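Visitor: Each residue of the sequence shown is one higher than the one before, counting from 1 in full-length UniProt numbering. Ideal Cβ placement from N, Cα and C applies to all residues, glycine included. All figures in this text were calculated on a predicted structure; none of them were measured in a lab.
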Amino acid sequence: MRKTSDRFLSNDNNAGKTMSSIPVLGPDLPASYVRKMIEMESRGNGDQLNAMERVGRDIGVSARSIRRLVSGETDPGMKLFTRIHRAYLDKCARMAAALLHQIEIEKARLGSEHFEDIGAEALALHAKIEARKERISG
Numbered sequence: 001m002r003k004t005s006d007r008f009l010s011n012d013n014n015a016g017k018t019m020s021s022i023p024v025l026g027p028d029l030p031a032s033y034v035r036k037m038i039e040m041e042s043r044g045n046g047d048q049l050n051a052m053e054r055v056g057r058d059i060g061v062s063a064r065s066i067r068r069l070v071s072g073e074t075d076p077g078m079k080l081f082t083r084i085h086r087a088y089l090d091k092c093a094r095m096a097a098a099l100l101h102q103i104e105i106e107k108a109r110l111g112s113e114h115f116e117d118i119g120a121e122a123l124a125l126h127a128k129i130e131a132r133k134e135r136i137s138g
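Written out as structure tokens, the structure is:
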């Protein structure tokens, strides 16, 4: 029972018992993270190249490397994937912090009872992202 098209790859022994299951990491996952970061970073039509430059700086690679990764020309190693994942989580944490800031502004303007539950959820999301970043760094 080997399914390489699935997210998991299983090695079976002769008795039919699974010995191990590991997630399969292909170039699609890091490329999708990079595409999402470019989309988040882009300020509109015509800004794709500049967004690639900024995302490349966040990851620590050139814009050319970003283009090659997104187009599928290159297969990232685990070290590069870790840097991409870390940069993606950093961007998500910044977005969550901006959301928290906006909620605080609205709380001050309209009263905290309107935003209490949303603020708690946003704070929990920010904490989850920070915890994930710590696991990657550790």
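Rounded to whole angstroms, what's the CA-CA distance from Ile84 to Ile103? Just pull it up for me.
Guide: In a straight line, the C-alpha of Ile84 is about 29 Å away from that of Ile103.
Visitor: Let me check understanding here. Comparing Cα to Cα, which of Asp90, Ile59 and His101 lies closest to Ala31?
Guide: That would be Ile59, whose Cα lies nearest to the Cα of Ala31.
Visitor: Pull up the CB-CB distance for Ser65 and Gly56, whole angstroms please, since I reckon it's below 8 Å.
Guide: Confirmed, Cβ separation roughly 7 Å.
Visitor: How is the alpha helix (DSSP H) around Phe81 delimited, first residue to last?
Guide: Met78 to Leu110 is the span of the alpha helix (DSSP H), which, as asked, contains Phe81.
Visitor: Apart from the five residues on each side of it in sequence, which residues of its chain come closer than 6 Å, Cβ to Cβ, to Gly81?
Guide: The residue asked about is misnamed: residue 81 is Phe in this sequence, not Gly. Cβ within range, chain order: Pro30.
Visitor: Relative to the alpha-carbon of Ala127, which residue among Asp90, Leu49, Arg43 and Gly72 has its alpha-carbon at the smallest distance?
Guide: It is Asp90.
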